[in-house]
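Basically my numbering = 1-based index in the sequence shown + 463. For reference, the structure is listed below as structure tokens.
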Amino acid sequence: MRNLKQDIKHILDEGKINMPVEVYGWVKTFRNDRFIVINDGSTLQNLQLVIEPEDYDEAFLKKISTGAAVRAKGELVESLGKGQDVEVQVKELEVLGEADPETYPIQPKKHSLEFLREKAHLRPRTTLFGAIMRVRSSLAFAVHEYFRKHGFLYVNTPIITGIDAEGAGQMFRVTTLDPLNVPLDEEGNPDYKKDFFGKKTNLTVSGQLEAETYAMALGKVYTFGPTFRAENSNTTRHLAEFWMIEPEVAFMDLDGDMDLAEDFVKYIIDFVMKNNAEDLAWLEKRLLDEEKRLPQNQRSELALRDKLQFVLDNHFVRISYTEAIEILKNSKPAKKKKFQYPPQWGMDLQTEHERYLVEKHFKSPVIVYDYPADIKAFYMRMNDDGKTVRAMDVLFPGVGEIIGGSQREERLDVLLEKMEKMGISKEELWWYVDLRRYGTAFHSGFGLGFERIVQFVTGMGNIRDVIPYPRYPKSAEF
Ligand code: 4AD
Ligand code: MG
Numbered sequence: 464m465r466n467l468k469q470d471i472k473h474i475l476d477e478g479k480i481n482m483p484v485e486v487y488g489w490v491k492t493f494r495n496d497r498f499i500v501i502n503d504g505s506t507l508q509n510l511q512l513v514i515e516p517e518d519y520d521e522a523f524l525k526k527i528s529t530g531a532a533v534r535a536k537g538e539l540v541e542s543l544g545k546g547q548d549v550e551v552q553v554k555e556l557e558v559l560g561e562a563d564p565e566t567y568p569i570q571p572k573k574h575s576l577e578f579l580r581e582k583a584h585l586r587p588r589t590t591l592f593g594a595i596m597r598v599r600s601s602l603a604f605a606v607h608e609y610f611r612k613h614g615f616l617y618v619n620t621p622i623i624t625g626i627d628a629e630g631a632g633q634m635f636r637v638t639t640l641d642p643l644n645v646p647l648d649e650e651g652n653p654d655y656k657k658d659f660f661g662k663k664t665n666l667t668v669s670g671q672l673e674a675e676t677y678a679m680a681l682g683k684v685y686t687f688g689p690t691f692r693a694e695n696s697n698t699t700r701h702l703a704e705f706w707m708i709e710p711e712v713a714f715m716d717l718d719g720d721m722d723l724a725e726d727f728v729k730y731i732i733d734f735v736m737k738n739n740a741e742d743l744a745w746l747e748k749r750l751l752d753e754e755k756r757l758p759q760n761q762r763s764e765l766a767l768r769d770k771l772q773f774v775l776d777n778h779f780v781r782i783s784y785t786e787a788i789e790i791l792k793n794s795k796p797a798k799k800k801k802f803q804y805p806p807q808w809g810m811d812l813q814t815e816h817e818r819y820l821v822e823k824h825f826k827s828p829v830i831v832y833d834y835p836a837d838i839k840a841f842y843m844r845m846n847d848d849g850k851t852v853r854a855m856d857v858l859f860p861g862v863g864e865i866i867g868g869s870q871r872e873e874r875l876d877v878l879l880e881k882m883e884k885m886g887i888s889k890e891e892l893w894w895y896v897d898l899r900r901y902g903t904a905f906h907s908g909f910g911l912g913f914e915r916i917v918q919f920v921t922g923m924g925n926i927r928d929v930i931p932y933p934r935y936p937k938s939a940e941f
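Here is the structure:
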């Protein structure tokens, strides 16, 4: 049986010379019939196994190739070669599973990200995807650690929801009705009473509304789960299935919400900088190499880790939507008519605007707050001006909007009026409205798109490369 403590990370961190080791892993390279480099995912670092070719016959040696799974027993020794301090002098070697070199797609050379997306079941074998997934895992852990330290309760909101519309996006229907034989009601519409739940159900676009009910009892809660949006967005920042972290806090206003968002994001970035230094160093070098091919003016101004440190060291700029529009109107690209969408009050900020504010004007993460009521969801708290709501978006360089949040409308009459105006059913959301009937109070929360922060921290250009199996239009392989 495998000793779960003895992975490559442990051996490299704590191993002593002459120590007996037993390691398992997948072959990265095999050369001179003597040097087998393996990795087991526990760390970016590989481990070199050294065999005596005379100990094995040719047929056996042929089984050792890139991608094969092996087990080796031997002794940890100082390495004479360069590139590693220690290696394993192998006494016993077993090939657990071969990988036919004629067909195994992950060869020791650079593969394009597009190619690897088609081999998503094997791409975690690459150094790049190992690094991304270790960073992703650390970020998830840091999320839980942050909230635990701050007294938040982790609540699990439903994935299948009876909510049909809340303004966050198109939903995926969940049904067990036979598409070729849908029962109809008297009016000829699908009869959802006959469906599994006896009503229309969807995959959730956000856990917020249910999280609010728990915040209004337990004070500080957060969700961290999958969310689904059926928009036809084929961009480098959108997925049809993504993970979202949504804290919700009773008795907290929008200023508190912005403070929480900033503190939280800095905490998880700092955590990864401390705990995934090797992975980040490698990802940084990869980016530098990639960018060498670009003209000078298209290269990043900061290396990956400097960019992360910059976020930690600086206060996020906070400006109102109205101020943001003024800045954009007076900007060079606006004057030269370079924006595809000329900025004007009332429009939603487009990616080009967000990028200008963050990357050109402020050169810093920016929080934009108090958006026009008409372009935001029904539940956001109306300001006294009657035109704007207490919404905030956190904008980051490269990825744009990373967090969206708001102070929630806690006044029953104002909420009902807004729902009416926006065509949100108060019958369907009776329980949400109830919160404003019984012990209502001001409260706020936000949603962090988990893949967007993984993208930012790893420097990956496409969101499809920071989740194991990306879901997007016309793609649900695996
Ligand atoms: O701004 P959004 O739509 O906000 C909400 O869903 C609120 N209910 C959150 C809350 O207040 N509790 O989404 C929040 C974040 C965005 O800022 C973005 O980072 C991410 O979720 N996001 C997506 N990430 C990947 N693919 C998509 N299609 C995304 N849509 C939103
Ligand atoms: Mg948003």
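For glycine and all other residues, C-beta sits at the position ideal for the given N, C-alpha and C.
Contacting residues, own chain, Cβ-Cβ under 7 Å from residue 628 (five flanking each side not counted): Counting from 1 along the sequence shown, the entry for residue 628 is found at position 165. Excluding residues within five positions, the ones whose Cβ falls inside 7 Å are 887.
Does the beta-carbon of residue 488, which I'm using as the reference point, lie nearer than 7 Å to any heavy atom of the ligand MG? One-based indexing of the sequence shown puts residue 488 at position 25. Not under cutoff, so the answer is no.
From 847, 863, 906 and 780, pick the residue whose C-alpha is nearest to that of residue 825; which is it? The residue labelled residue 825 in the question sits at position 362 within the sequence shown. Cα-wise, what sits closest to residue 825 is 780.
Residue 573: buried (16+ other C-beta within 10 angstroms of its C-beta) or exposed? Taking the sequence shown and counting its residues from 1, one reaches residue 573 at position 110. Looking at its Cβ environment, which holds fewer than 16 other Cβ atoms inside 10 Å, residue 573 is exposed.
Closer than 7 Å: residue 915 CB and nearest the ligand 4AD heavy atom: In the sequence shown, counting from the first residue as 1, residue 915 sits at position 452. Yes, Cβ of residue 915 sits closer than 7 Å to a heavy atom of the ligand 4AD.
Classify residue 940 as buried or exposed, calling it buried when 16 or more other Cβ atoms lie within 10 Å of its own Cβ. Looking up residue 940 in the sequence shown gives position 477. Exposed.
Starting from residue 554, follow the alpha helix (DSSP H) in both directions and report where the run begins and ends. Reading the sequence shown from its first residue, position 91 is the one you call residue 554. Run containing residue 554: none in the alpha helix (DSSP H); it sits in the beta strand (DSSP E), 549-560.
For residue 694, which residues of its own chain have a beta-carbon under 8 Å away from its beta-carbon, when the five flanking residues on both sides are left out? Taking the sequence shown and counting its residues from 1, one reaches residue 694 at position 231. Taken in chain order, the residues that qualify are 632, 633, 701 and 703.
Pop quiz: residue 741 and residue 506 are said to be a contact at Cβ under 8 Å. What is the actual Cβ separation, rounded to whole angstroms? Against the sequence shown, residue 741 aligns to sequence position 278. Against the sequence shown, residue 506 aligns to sequence position 43. Taking 8 Å as the upper bound for CB-CB distance, residue 741 and residue 506 are in contact here, some 7 Å apart.
Using beta-carbon positions only, say whether residue 907 and residue 654 come within less than 8 Å of one another. Translated into positions along the sequence shown, residue 907 becomes position 444. Translated into positions along the sequence shown, residue 654 becomes position 191. Not closer than 8 Å, so no.
Give me the DSSP bridge partner(s) of residue 711. Position 248 of the sequence shown, counted from the start, is the residue given in the question as residue 711. Bridge partners of residue 711: 684 and 908.
Relative to the ligand MG, is the shortest distance from any of its heavy atoms to the C-beta of residue 720 smaller than 7 Å? By one-based count along the sequence shown, residue 720 stands at place 257. False, no ligand heavy atom lies under 7 Å from that Cβ.
So does residue 668 have its beta carbon nearer than 7 Å to some heavy atom of the ligand MN? With respect to the ligand MN, the structure offers nothing, as its ligand set consists of the ligand 4AD and the ligand MG.
Closer than 6 Å by C-beta to residue 592: which residues in its own chain qualify, once you throw out the five before and the five after it? Chain order, please. Taking the first residue of the sequence shown as 1, we reach residue 592 at position 129. Excluding positions up to five away in sequence, the list reads 586.
So, are the CB atoms of residue 811 and residue 775 less than 8 Å apart? As a first step, residue 811 must be located in the sequence shown, where it is residue number 348. As a first step, residue 775 must be located in the sequence shown, where it is residue number 312. In this structure, residue 811 lies away from residue 775, with their beta-carbon atoms at least 8 Å apart.
Does the beta-carbon distance from residue 699 to residue 926 come in below 8 Å? Along the sequence shown, read from residue 1 onward, the residue named residue 699 stands at position 236. Along the sequence shown, read from residue 1 onward, the residue named residue 926 stands at position 463. Cβ distance < 8 Å, so residue 699 and residue 926 count as in contact.
Is any heavy atom in the ligand 4AD found nearer than 7 Å to the beta carbon of residue 882? If you number the sequence shown from 1, residue 882 lands on position 419. No.
Let's see if you can read the secondary structure: which residues bound the beta strand (DSSP E) around residue 464? Along the sequence shown, one-based indexing puts residue 464 at 1. Run containing residue 464: none; DSSP gives neither H nor E here.
Hey, how far is the Cα of residue 829 from the Cα of residue 478? Here the question's residue 829 lines up with position 366 in the sequence shown. Here the question's residue 478 lines up with position 15 in the sequence shown. Linking residue 829 to residue 478 through their CA atoms gives a straight-line distance of about 46 Å.
For residue 411, tell me which candidate among 681, 687 and 623 has the shortest Cα-Cα distance. In the structure displayed, the chain extends from 464 to 941; residue 411 sits before or after that span and is not available.
Around the Cβ of residue 900, are there at least 16 other Cβ atoms within 10 angstroms (buried) or fewer (exposed)? Here residue 900 corresponds to residue number 437 of the sequence shown, with the count starting at 1. The residue in question, residue 900, is exposed, as its Cβ has fewer than 16 Cβ neighbours within 10 Å.
Just checking residue 965 against the ligand MG - is the residue's beta carbon closer than 7 Å to any of the ligand's heavy atoms? For residue 965 there is no data in the structure shown, the boundaries of the chain being 464 and 941.
I'd like to confirm the pairing. Which residues does DSSP put opposite residue 832 in its beta bridges? Translated into positions along the sequence shown, residue 832 becomes position 369. Looking at the DSSP assignment, residue 832 forms a beta bridge with 783 and 855.
Contact check, residue 832 vs residue 855, beta carbons under 8 Å: By one-based count along the sequence shown, residue 832 stands at place 369. By one-based count along the sequence shown, residue 855 stands at place 392. Yes, they are a contact pair.
Using only the heavy atoms of the ligand 4AD, determine whether one of them is closer than 7 Å to the beta carbon of residue 870. Here residue 870 corresponds to residue number 407 of the sequence shown, with the count starting at 1. False, no ligand heavy atom lies under 7 Å from that Cβ.
In three-state DSSP terms, what is residue 796? Position 333 of the sequence shown holds residue 796. Three-state DSSP puts residue 796 in a helix.
Cβ-based burial, residue 664 [other Cβ within 10 Å; buried from 16]: Here residue 664 is taken as the residue at index 201 of the sequence shown, counted from 1. Buried.
Between which two residues does the beta strand (DSSP E) carrying residue 869 extend? Within the sequence shown, numbered from 1, the residue matching residue 869 stands at position 406. Where residue 869 is concerned, the enclosing beta strand (DSSP E) stretches over 863-870.
Which residues does DSSP pair with residue 508 in a beta bridge? The residue labelled residue 508 in the question sits at position 45 within the sequence shown. None; residue 508 has no bridge partner.
Ordered along the chain, which non-local residues of its own chain (more than five positions away) have a Cβ less than 8 Å from that of residue 837? Against the sequence shown, residue 837 aligns to sequence position 374. Short of 8 Å from the beta carbon of residue 837, and not among the five residues preceding or following it, lie these beta carbons of its own chain, in chain order: 809.
Is any non-hydrogen atom of the ligand 4AD found closer than 7 Å to the C-beta of residue 631, if you look at the structure I gave you? As a working note, residue 631 is residue 168 in the sequence shown. Checking every heavy atom of the ligand 4AD against the Cβ of residue 631, one is found closer than 7 Å.
Looking only at its chain, what residues have a beta carbon closer than 6 Å to the beta carbon of residue 475, apart from the 5 residues adjacent to it on each side? Counting from 1 along the sequence shown, the entry for residue 475 is found at position 12. Non-local beta-carbon contacts of residue 475 in its own chain, meaning distances under 6 Å to residues more than five positions away in sequence, involve 508 in chain order.
Pick out whichever of 792, 937, 911 and 530 has its Cα sitting closest to the Cα of residue 688. Mapped onto the sequence shown, residue 688 falls at position 225. Out of 792, 937, 911 and 530, 911 has the C-alpha closest to the C-alpha of residue 688.
Hey, out of 549, 697, 891 and 845, whose CA is closest to residue 482's CA? Looking up residue 482 in the sequence shown gives position 19. Nearest option by C-alpha distance: 549.
Given this structure, state the Cα-to-Cα distance separating residue 840 from residue 923, to the nearest angstrom. Taking the first residue of the sequence shown as position 1, residue 840 is located at position 377. Taking the first residue of the sequence shown as position 1, residue 923 is located at position 460. When rounded, the distance between both Cα atoms is 30 Å.
CA-to-CA distance, residue 718 to residue 724, given in whole angstroms: Locating residue 724 in the sequence shown gives position 261, where the first residue counts as 1. Locating residue 718 in the sequence shown gives position 255, where the first residue counts as 1. Cα-Cα distance, rounded: 10 Å.
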